[in-house]
Each structure stands twice: as structure tokens, then as C-alpha cells.
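Remarks on the structure that follows.
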Amino acid sequence: MDKKRFILDAVDSKKDKIIELSDRIFDYAETGFHEFKSAELFENMLREEGFTVEAGIDGMPTAFKASFGKGHPVIAFLAEYDALPELSQAGGETKRETVGGDNPDGHGCGHNLLGAGTFAAALGLKAYLTETGKEGTVVIFGCPSEEKGNSKTLMARDGVFDGVDAAFTWHPADLNAVVTSSSLANVSVFFRFKGLTSHAAAAPDKGRSALDAAELMSVGVNYLREHITSDARVHYAYRDVGGIAPNVVQGYSCVHYFVRAPKSWQVQEILKRVIDVAEGAAKMTGTEMSYELYAGLSDFIPNHVISEVLQEAFEEIGAPKYAKEDYELAHRFFYESYSPEETEAFKANLKGIFGPMADKYIEAPLHDGIVPIGWNRPIQFGSSDVGDASYVMPTAWLSTATATLCTPGHTWQMCAHGTTGIAHKAMLRAGEVLALAASRLIDEPEICEKAKAELKAETGGVYECPIPKEIGPRLDE
Numbered sequence: 033m034d035k036k037r038f039i040l041d042a043v044d045s046k047k048d049k050i051i052e053l054s055d056r057i058f059d060y061a062e063t064g065f066h067e068f069k070s071a072e073l074f075e076n077m078l079r080e081e082g083f084t085v086e087a088g089i090d091g092m093p094t095a096f097k098a099s100f101g102k103g104h105p106v107i108a109f110l111a112e113y114d115a116l117p118e119l120s121q122a123g124g125e126t127k128r129e130t131v132g133g134d135n136p137d138g139h140g141c142g143h144n145l146l147g148a149g150t151f152a153a154a155l156g157l158k159a160y161l162t163e164t165g166k167e168g169t170v171v172i173f174g175c176p177s178e179e180k181g182n183s184k185t186l187m188a189r190d191g192v193f194d195g196v197d198a199a200f201t202w203h204p205a206d207l208n209a210v211v212t213s214s215s216l217a218n219v220s221v222f223f224r225f226k227g228l229t230s231h232a233a234a235a236p237d238k239g240r241s242a243l244d245a246a247e248l249m250s251v252g253v254n255y256l257r258e259h260i261t262s263d264a265r266v267h268y269a270y271r272d273v274g275g276i277a278p279n280v281v282q283g284y285s286c287v288h289y290f291v292r293a294p295k296s297w298q299v300q301e302i303l304k305r306v307i308d309v310a311e312g313a314a315k316m317t318g319t320e321m322s323y324e325l326y327a328g329l330s331d332f333i334p335n336h337v338i339s340e341v342l343q344e345a346f347e348e349i350g351a352p353k354y355a356k357e358d359y360e361l362a363h364r365f366f367y368e369s370y371s372p373e374e375t376e377a378f379k380a381n382l383k384g385i386f387g388p389m390a391d392k393y394i395e396a397p398l399h400d401g402i403v404p405i406g407w408n409r410p411i412q413f414g415s416s417d418v419g420d421a422s423y424v425m426p427t428a429w430l431s432t433a434t435a436t437l438c439t440p441g442h443t444w445q446m447c448a449h450g451t452t453g454i455a456h457k458a459m460l461r462a463g464e465v466l467a468l469a470a471s472r473l474i475d476e477p478e479i480c481e482k483a484k485a486e487l488k489a490e491t492g493g494v495y496e497c498p499i500p501k502e503i504g505p506r507l508d509e
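Per the working numbering, residue 33 is the first one in the sequence shown, and the count goes up by one each step.
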């Protein structure tokens, strides 16, 4: 069997269905833990393809597990399908244009493509198992609310991924690459201060200002920044300032903090110090302080063993092949969607990335190559709950160029690419590459054992979830 040709044909035979899944999820544009139509569509399509589907897993109505096959190795694909608030955008339009209607939300991170691409991978691997009769199981996990709810963190904590031998995922981007750099771990915490209200002019001595406490906390944390690792991030937003009347001493306040760092243990150390600062602010103002851990996630641990397999599969299949109209549309996005100053900055960025080849990409800004694999790249300054999955099973992560070069994530421009030929071609290519890599693990299950040994050496076999057991999914927020 020509395995590459078989995988390509298997995915191509389901191309229309895969694109339909992506485009319909794009149209639904449902935010975290509210992806009811998206999850139902996904589950129904998987059932039609012969998968056994468990819906509503781990206390999350829009999470699912779909399986096909039997025995080991068990190969998982991680699907996402949640949208972002206030990013409604018409597909294919190079100017800001909302879809209209009652839904203001949109797929500014491309998760409609992400979910459909893993569907393509699962179908490709299922076809390979069926054709060869080999033992193995393909599982696709529907992971809701990546943007705000950390569903994979909860799944990792609760043992949902137990028994998986290796996992693959991917993400829409502007480059074709296997992700080999870690991401930042983080926690999300609400700090609340309770004081005493009083007339700010007639009886200021009777008041204890919760707003003063929040402001002093912010000052203290700003001084703390000098004394934590330089690649950590601590940022905050006031959620409640205690009212709008300046002549009243504010009796309550709430401030929302994010703490990010390269490793989970660093986040926990910094968080303890931030809590100390908050307690100090409360003492200084005679107020009471309480805090609530809202969410958290771990850093991504790229598994060298299966990432190398993924890179080999990518190079064997090749980068997405775009048509003339795709390059023309990319040119329009690059030159019509941004200010002249932004476009010039993008050109400078491309020169830094591609050097002598930059002129090619400045004229035709679609990445049609594959980034060589490398293991000393800077940390990604974003965060993802894929990190928690990577602590409990060997995980590899791919990106394909679903968007014009330099397109930022979480923007209307990224959303606008979501139904284009550019995105569809790169999404299908992601599914093909993931399926080919997974098929090699079916053929050589000893690779999974090497990958698991690497993970154990990295973590010591220990995973400490940043979200305590008593905290469940935030379904109503």
C-alpha cells in the first residue's frame, strides 16, 4: 500500500463533509460551553461515519468522546470549536463587515477549522484501520471552551485522557510548522476586598476603603514584577470598583489577575507572592481580603518523539497547495485590511523571518513552505489548555497556514479567512498530515512507548492540576 496516497484519497473522499462541518460551525459562532449546535453537528457527523459517541462527558454538555476501533495503540485527536465574543465577521471580506443578525460573535481563532481538521484526521485514520485490519483505536475528544473555560485542564484532572497512548492536535495560523516551543502556564484569580462605607467628607475616619486596598495591591504587584522571572507575566483588570460616587468610601472591590510563567510550578510560586501582596494591602487599609481561583492551565510540553514523526509526515505530504485566486486574496488581505503603517511593519517582520525570500512573500503573502523542526525556539507568550493534555499523554501540535502571513489571532481578519479556499486547503492538509503521522504509530506502536518514556522523564510521572477538584466547568458564564 502507498500509505501517503491512501490517506490523501481517504480525506479527499470526505472533503465536502469536512468543509461543511467547518463552515457550519463558523456560521454558528458559539462561545465557550455554549457550543450546543456545533457539538451536536460534530457528534452526528461522527455517528454517521461509524464512531461510537459519548456526549456530555466530564460534566460539560458540549464535550464529547468519539471512538472507532479496538485495542492499542489508542491515538487521540483534540478538537475545539468555540468562538470569540464580539468578532462577528463575514468570511472572505477584506474589510470589517459583521455578519449581521443577533449573534455578535465570531471565529477569530479559527476553531471552526480546528475542529473540522481533526475530524478529517480521524476519518483518515479510521479508513486506514479499516483497510489494514490492524489493531488500534482512534479517538476524537470534543474539547469546548478553550478560550475561557480550560476544558482540557478539567479532562486531564478527571482522568478523561487515561489510556491514550499519544495525542495530536493542530491550530490555524499563518505558518506551516510543527510546534516545538512551550506555552505559558497561567492561573486566573479574582481578589475581593470588603471594607466599610462612610461619607468621604463628613466621616472619612469611619470608612475602610476596599478600593484603596485594590489600588495598593496593584502598586505592590507592580513592585513585585522586578523580582520574578523575566518571562513571567502578571496582568489585571478591575471588575468592581465599589460604585461611582466619589463622596462615598467604597465598601467593596474586585480585581481580576492573570499570572503567567513558563512552568506551572513557577506560576504557583508567583501566585503565593501575589496573595501575600493582597493580604498586605488588606492589612494596610483595615479591610478583609478573599480570593477565588477561577481557572488555570499548564505549560505545553512538546513531545520530541511524536513531534519528529509529525514533522516527517508533514514533509512527506508537503505544504498546502494554494490556487492563483488564493494568492490574490492573500495579497488583498495583506494590503487592504490594515493601515499603511501596519502593513509596513508586517513587511519588516517578513524580512526578519524569511531574509532573502521576503520579497516573494511580500508580494504573495501565503506561506507555502514548511518550517524546519527546531528545539531551541522562544516560548510562546500565549497559553492553551493543550498544555494540560501534554502533561498526561504524549502530545504533538501542528499549525498550517489557514491565513495570510502576519494575520494576528483573535482578530476579525483571522475570522474573515475562516471560510476561504485558503483556510479550507490548509485545514484539509492538517488533517492529512495528522492522519499520516498517526498511522505510523499504528504500524510502530513502540514509538508510543518511547514517547511515554520521554514524558515520564520530563514530568516524573506527576501532574498537578492548577484547578482544584472542587471547581467544575463555568457553564453559565
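For each residue, glycine too, the CB sits at the ideal point set by N, CA and C.
Because the structure is a prediction, the values reported are computed rather than measured.
Check your understanding: If you follow the beta strand (DSSP E) that E324 is part of, which residue opens it and which one closes it?
Key -> E320 to L329
**Study point:** Per-residue burial, S322 [other beta carbons within 10 Å of its own, 16 or more giving buried]
**Key:** exposed
Practice item. Grab the span of the beta strand (DSSP E) containing W510 for me, first residue to last. Key: In this structure the chain extends from 33 to 509, so residue 510 is not present and cannot be described.
Check your understanding: What first and last residue would you give for the beta strand (DSSP E) that runs through L430?
Key -> That run of the beta strand (DSSP E) goes T427 to A433.
Exercise for review: Report, in whole angstroms, the separation of the C-beta atoms of L155 and K47, which I expect to be a contact under 8 Å.
Suggested key: Rounded, the Cβ-Cβ distance is 10 Å, inconsistent with contact.
Check your understanding: Starting from D272 and walking both ways along the beta strand (DSSP E), at which residues does that stretch end?
Key -> R265 to D272
Practice item. Starting from the N-terminal side, write out each stretch of the alpha helix (DSSP H) that is 4 residues or longer and does not extend beyond the stretch 282-364. Key: 296-317 and 336-349
Exercise for review: Identify which residue in Q343, D263 and E80 has its Cα closest to the Cα of D331.
Suggested key: The shortest C-alpha separation from D331 is found at D263.
**Study point:** Pair within 8 Å by beta-carbon distance, E320 and F225
**Key:** yes
Point to revise | Extent of the continuous beta strand (DSSP E) to which I172 belongs | key: From DSSP, the beta strand (DSSP E) with I172 extends over G168 to G174.
**Study point:** Within 8 Å, strictly: CB atoms of L110 and N218
**Key:** no
**Study point:** alpha helix (DSSP H) runs wholly inside the stretch 384-451, at least 4 long, in chain order
**Key:** The qualifying runs are 390-395, 418-424 and 444-448.
Review point. When the Cα atoms are used, what is the spatial distance from P117 to C286?
Key: Here the alpha carbons of C286 and P117 stand approximately 22 Å from one another.
**Study point:** Length of the line joining the Cα atoms of R189 and A205
**Key:** 28 Å
Point to revise | D90 at chain B interface by Cβ criterion, 8 Å | key: Absent here is chain B; the protein component of the structure consists of one chain.
Practice item. Mind checking which residues open and close the beta strand (DSSP E) that includes T84? Key: T84 to A87
Practice item. Use the C-beta contact count for H255: other C-beta atoms within 10 angstroms, 16 or more gives buried, fewer gives exposed. Key: A quick correction: the sequence has Tyr, not His, at residue 255. By the 10 Å Cβ count, Y255 comes out exposed.
Review point. Taking one C-beta from the stretch 237-255 and one from the stretch 355-366 each time, how about it: are there three or more such pairs within less than 8 Å?
Key: no
Practice item. Please name the residue, chosen from A345, G191, R128 and V170, that lies closest to D420 on a Cα-to-Cα basis. Key: D420 has its Cα closest to that of G191, out of A345, G191, R128 and V170.
Practice item. Quick one: residues in its chain with C-beta nearer than 7 Å to the C-beta of A462, no 5 flanking neighbours on either side, listed in chain order? Key: G149, W202, L430 and T432
Practice item. Can you tell me which of the three DSSP states L460 falls into? Key: helix
Practice item. Could you name the residues that DSSP lists as bridge partners for R224? Key: C286 and S322
Review point. Can you tell which of A115, P477 and A61 has its C-alpha closest to the C-alpha of V337?
Key: Selected option, being the one with the closest Cα: P477.
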